[in-house]
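Residue numbers (the working numbering), protein chains in the order written: chain A, 45 to 832; chain B, 8 to 534. Every residue gets a Cβ at the ideal spot worked out from N, C-alpha and C, and that includes glycine. The block underneath contains the structure these notes are about, expressed in structure tokens.
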């Protein structure tokens with residue numbers, strides 16, 4: 045019956061939107077944690093359903109063996125429409141205060157008693173507040189743009205591969221929508237697994253390449269470890285709260301008691317659940333020990349790297365923590381958040397050091413993604429969900445731009461990604477837009493003053509110093525580490541730009557004769573073969589080898605300048621990256637647009653123990669504008685710190701000083717990169733000052749090790765894989781000798797029973813009849829025995 | 008009287024259709040003969056709609072069960088109707104079409120076959136709606152008598168004849184047993200109406216305990232009906248009959264008599280109710296009945312599963328699996344309606360839902376056997392019934408191969424397929440009723456069952472086709488649309504009902520509101 049209702053209401057969407065808008069009234073107000081969410085029309089259901097429709101249509105394309113760009117256009121159209129719907133939903137949500145729930149249908153609703161906590165509900169239902177809208181706006185928007193880019197980028201694969209690519213692409217957006225929009229942890233988990241699956245499928249898109257298959261498997265396995273944490277977090281949440289629905293969890297947190305009467309204050313779950321969820325977030329967002337899968341994931345087609353492994357999926361961890369932020373702030377010591385801050389800062393620094401020494405420009409972008417994700421986690425940790433989510437948004441735009449520029453280079457130069465083999469790309473004919481877009485992306489990533497990346501990074505850096513060390517352990521140290529990382533970031537970003545995009549025009553094509561995404565060999569050689577950085581002579585020899593290879597393909601190589609789709613998407617993204625800076629000045633009193641959105645969602649920071657008062661206020665007084673401003677301050681960590689000492693940056697107000705400090709650091713980084721990689725460089729392979737630097741005592745010894753990624757893969761191999769393999773062999777022997785015996789024994793019991801019972805099935809009718817009669821007799825005997 | 012007739016519109020529709028197809032099936036015109044199938048389908052759809060819209064007769068013990076049962080009968084009945092298409096007269100009609108013979112109504116069996124099919128479904132509906140022992144007995148026999156003939160005439164082979172005869176004689180023994188039980192119940196209470204029996208039993212309990220004759224009557228009745236549900240000790244016939252009959256008819260046997268049997272058991276036991284006791288706070292049956300059912304449930308699922316392990320024939324495997332599933336469902340019967348208002352603690356609701364789940368899923372597995380044929384050395388065809396025949400079917404015939412894989416996985420209870428959502432309430436009802444030991448045995452049996460269900464799933468999916476055997480005995484698809492279509496629809500049901508609001512589907516027909524009599528209370532609290 046619900047099906048019919050849903051379909052009917054979907055059909056009457058046009059009128060629906062109008063009536064919903066009419067219902068919405070009153071000024072926007074702060075998000076009241078635990079307040080009953082407003083019911084909402086089914087319009088929002090279209091956001092996940094449109095990509096799903098696209099999956100179905102493209103599957104049909106695959107069945108009918110379509111050999112055109114149709115799948116791309118289906119994807120672009122469905123995602124663009126989904127974006128339009130998201131905007132409209134966002135308008136509706138902004139008009140009415142609080143969270144909204146759009147009910148799809150009852151999927152699993154189960155109870156085994158009427159008592160509290162004796163039921164389990166996991167519905168296909170959407171929880172929509174400003175955080176949801178915020179995320180979905182860039183997921184669907186970027187998704188549509190990147191699909192358009194991919195329509196050209198993947199054009200050499202038109203046919204089955206093209207269909208497969210776009211099916212997985214649409215399925216990814218569907219899963220991401222479930223992850224972000226679901227109103228319970230079960231939907232989040234399914235979306236989480238769904239994006240993991242799509243990521244696996246797309247990393248392994250070139251399944252004939254062993255490197256890609258290995259990378260896909262690595263990503264899958266590493267993510268499983270994190271997912272175990274998430275799953276355990278989900279189960280623990282259910283065990284403690286008796287529900288997995290956000291609204292119920294938030295209600296319990298706002299009252300301080302779960303529905304079964306457990307007092308949350310000081311309860312173990314305040315640490316355990318966030319810690320488990322954080323493990324899941326670390327896996328998906330490639331933090332700390334889990335980051336190893338993300339660089340390898342660059343084996344996937346570049347649009348995938350841009351959408352999934354830079355802009356959207358890897359930020360799911362940030363989303364999870366922002367969504368469950370009330371749960372993280374139950375613990376009065378904020379222990380888990382301290383851990384998150386440190387993990388983020390360490391990851392940011394670690395990945396930046398590796399990025400400085402890589403030669404594969406796409407890998408550099410991969411490491412920089414890990415590093416920037418570290419910034420976001422540090423932001424969450426130091427209690428600025430606003431800074432973290434704003435950085436998610438700006439990063440989504442500029443990192444997508446950067447990846448797509450790298451992709452354009454790769455597409456044009458036959459898979460060439462080695463920064464020693466490309467130079468002056470910007471000056472080549474038809475590469476202007478790519479060059480300019482790259483410059484804009486690089487400026488953002490480097491935190492150049494007044495770019496969007498500058499403002500978002502600045503919020504995190506400043507907050508790290510504002511948040512007192514008593515609240516988040518070592519918060520100011522986190523700030524210093526992040527500042528240092530910001531310097532490194534500016535350097536490695538412009539290292540790429542000065543080497544590849546400016547300077548003398550010089551190039552050497554990659555292994556792929558026509559634009560296919562294969563750079564496995566090239567990478568394998570540079571990454572593992574030999575630390576070629578400080579051995580120019582050797583490197584030249586290597587280059588010649590490639591030349592010979594190029595001739596082997598026959599004919600002279602001409603770079604293949606990007607077409608309209610790639611140029612258009614790059615232009616749009618570059619403009620968006622610049623425009624994102626403007627969002628910082630919208631709603632200035634609430635720390636920008638991101639702050640405005642977060643203050644109206646569950647990501648709002650409320651100090652431990654204050655949830656209750658908050659809830660009471662919701663019941664009695666109408667929310668006022670002061671309240672909003674107050675909440676915004678709270679999200680910047682100020683409200684809670686009213687009676688505490690605020691942190692400072694060398695005795696200054698961090699919010700004021702940080703603009704100058706990080707701006708100057710960005711300039712220094714760029715300047716160093718200019719000196720080392722632009723100044724006096726006459727060829728693609730080397731630059732005079734960089735050579736000198738590599739001969740300097742400290743850098744010279746460190747760089748090759750950094751280039752080998754500090755041997756983390758080898759260490760993991762040694763510490764985890766080898767022992768596991770050995771253990772595996774030992775267990776195999778035990779299994780063969782002992783367990784198999786037990787299993788066979790256990791299996792033999794039913795089989796033996798079966799054999800002995802088999803004689804009863806003789807096929808002779810009168811024996812059956814006798815058996816039945818004896819059976820009736822035995823049953824009656826049993827009854828008599830019981831009665832006596 | 009009029010009111011009662013009004014509640015019987017679905018049955019009347021089916022009965023009318025049965026009479027009509029007896030005539031159309033014998034018509035001299037081939038077009039009219041072919042119409043028989045469509046008449047049955049139309050009648051089933053009409054009956055389903057009628058069952059949905061008519062209200063149950065007042066005074067019925069379990070009005071919601073009646074409504075739910077009739078709708079399920081029509082839904083699964085339609086799937087089964089697709090399966091049985093082309094069983095009757097296929098070879099004969101082909102001869103007639105080729106002009107080899109002239110159509111002779113005496114030789115044709117189409118009319119009877121469809122009529123019997125519809126009669127049996129009518130009986131099933133009457134069972135769900137029964138409120139009197141005499142009615143119940145007649146309804147049960149109306150279910151069974153046509154099936155004896157359907158088994159015997161389903162193929163032209165001697166095995167079918169043998170199966171039909173076995174099924175008939177053993178069925179008569181079973182019927183005698185439960186009729187004896189009915190008689191004793193009448194003797195103990197002096198009533199045949201279920202509501203009156205209930206009041207009499209309630210009076211006896213109030214006066215100090217149930218009459219021994221009544222208890223023996225109940226036990227004999229339940230044991231006798233266990234023939235219909237293929238439970239120990241009346242299970243012996245199952246593998247022989249399922250194997251001897253054509254796969255389409257076996258699928259029919261696995262759903263129709265089984266559902267009738269469970270409806271009967273639930274109706275009978277509702278007369279004594281599931282009384283709360285200190286051991287089982289959510290209610291249990293009188294001790295002797297409880298003990299008998301407990302032993303029957305455990306032995307039935309275990310015997311079914313262990314014997315299924317040894318089979319090499321798909322149909323025999325499924326026959327034993329059918330026995331095992333009856334054992335699972337008996338757990339729900341033992342758990343009873345539960346205390347709460349909720350779906351998951353009501354064992355009765357679980358059983359009724361499981362009937363739908365099992366019916367839909369089982370059609371899929373049997374449809375694969377029915378839809379595929381293996382060519383023998385002499386050029387004749389036989390059903391692809393050996394598990395060997397499934398080898399690599401996902402590669403050679405993806406549609407049927409995947410049907411087998413998905414339906415087997417669902418029968419195993421693999422989440423997120425429908426079978427999982429069917430088994431879940433059985434577990435939860437057992438747990439909330441306090442029958443932990445029984446639930447543990449149920450879990451162990453599910454694990455044993457995994458062995459042969461995974462074999463059914465792995466042969467088509469993981470093995471590669473045996474080319475040598477395929478060239479000597481090629482396996483082809485039977486050119487009857489209904490069979491593969493039934494399989495595909497079954498898969499659609501298995502997936503869609505699972506993704507779909509599963510619990511809403513279960514609540515459909517308000518089965519969870521089926522409150523069964525508790526002595527001293529109202530007989531039926533249909534809410």
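query	result
Proximal residues to residue 359 of chain A (C-beta, below 6 angstroms), its chain only, five neighbours per side dropped	436
Proximal chain A residues relative to residue 286 of chain B, where beta-carbon distance stays under 7 angstroms	Residues of chain A passing the Cβ test: none, with the nearest at roughly 13 angstroms.
Of the residues A/164, A/216 and A/165, the one placed nearest residue 188 of chain A, counting alpha carbons only	A/216
Alpha-carbon spacing of residue 517 of chain B relative to residue 363 of chain B, whole angstroms	With a pLDDT of 42 at residue 517 of chain B, under the threshold of 50, the predicted position of this residue should be treated as unreliable, though the coordinate-derived value follows. About 14 angstroms.
Exposed unless 16 or more other CB atoms sit within 10 angstroms - verdict on residue 439 of chain A	buried
Residue 111 of chain A versus residue 105 of chain A: straight-line alpha-carbon distance, rounded	9 angstroms
Chain A contact for residue 180 of chain B (CB, 8 angstroms cutoff)	yes
Straight-line Cα distance separating residue 193 of chain B from residue 139 of chain B	11 angstroms
Within 8 angstroms of chain B by C-beta, residues of the region 792-805 of chain A in sequence order	794, 795, 797, 798, 799, 801, 802, 804 and 805
Within 8 angstroms, strictly: CB atoms of residue 365 of chain B and residue 339 of chain B	no
Residue-chain proximity (residue 215 of chain A, chain B), Cβ-Cβ < 8 angstroms	no
Residues that residue 241 of chain B contacts on chain A, provided the C-beta gap is smaller than 8 angstroms	816 and 819
Element boundaries [beta strand (DSSP E), containing residue 166 of chain A]	163-172
Under the three-state DSSP convention, the category residue 407 of chain A falls into	helix
Proximity winner among B/90, B/108 and B/51, relative to residue 126 of chain B (alpha-carbon distances)	B/51
Counterpart residues of residue 693 of chain A in DSSP-defined beta bridges	A/696
Expected contact under 8 angstroms - CB spacing of residue 119 of chain A and residue 213 of chain A to nearest Å	6 angstroms
is_contact[residue 670 of chain A, chain B] using C-beta, thresh 8 angstroms	With a pLDDT of only 39 at residue 670 of chain A, under the threshold of 50, the placement of this residue in the model should not be trusted, and no figure is reported.
Spatially closest choice to residue 227 of chain A from A/284, A/88 and A/202, by CA coordinates	A/88
Length of the line joining the Cα atoms of residue 144 of chain B and residue 439 of chain B	33 angstroms
Segment limits, beta strand (DSSP E) that includes residue 381 of chain B	379-382
Secondary structure of residue 255 of chain B, DSSP reduced to three states	helix
Assigned secondary structure, residue 147 of chain A (DSSP; H/G/I helix, E/B strand, else coil)	strand
Close Cβ partners of residue 590 of chain A (< 7 angstroms) along its chain, the five nearest in sequence each way excluded	Summary for residue 590 of chain A: the model assigns pLDDT 37, below 50, so the residue's position carries little reliability; its value from the coordinates is reported in the next sentence. For residue 590 of chain A, where only same-chain residues beyond five positions count, the Cβ hits under 7 angstroms are 552.
Assigned secondary structure, residue 482 of chain B (DSSP; H/G/I helix, E/B strand, else coil)	strand
Any chain A beta carbon closer than 8 angstroms to residue 308 of chain B	no
Residue 83 of chain A: first and last residue of the uninterrupted alpha helix (DSSP H) it sits in	Run containing residue 83 of chain A: none in the alpha helix (DSSP H); it sits in the beta strand (DSSP E), 82-84.
Under 8 angstroms between C-beta atoms of residue 131 of chain B and residue 261 of chain B	no
Chain A residues whose Cβ lies nearer than 8 angstroms to that of residue 335 of chain B	What residue 335 of chain B touches in chain A: nothing, since even the nearest Cβ is about 16 angstroms away.
Residue 456 of chain B versus residue 328 of chain B - alpha carbon distance	8 angstroms
Own chain, CB closer than 6 angstroms to residue 385 of chain A, minus 5 neighbours either side, in chain order	422, 425, 426, 516 and 522
Same chain, Cβ closer than 7 angstroms to residue 155 of chain B, neighbours up to 5 away in sequence not counted	171, 174, 175 and 178
Three-state secondary structure assigned by DSSP to residue 455 of chain A	helix
7 angstroms Cβ cut-off: residues of chain A touching residue 369 of chain B	Correct list: empty, because the minimum Cβ distance to chain A is about 21 angstroms.
Between the CA atoms of residue 386 of chain B and residue 157 of chain B - distance to the nearest angstrom	26 angstroms
Identity of the residue in B/477, B/408 and B/420 nearest residue 465 of chain B by Cα	B/408
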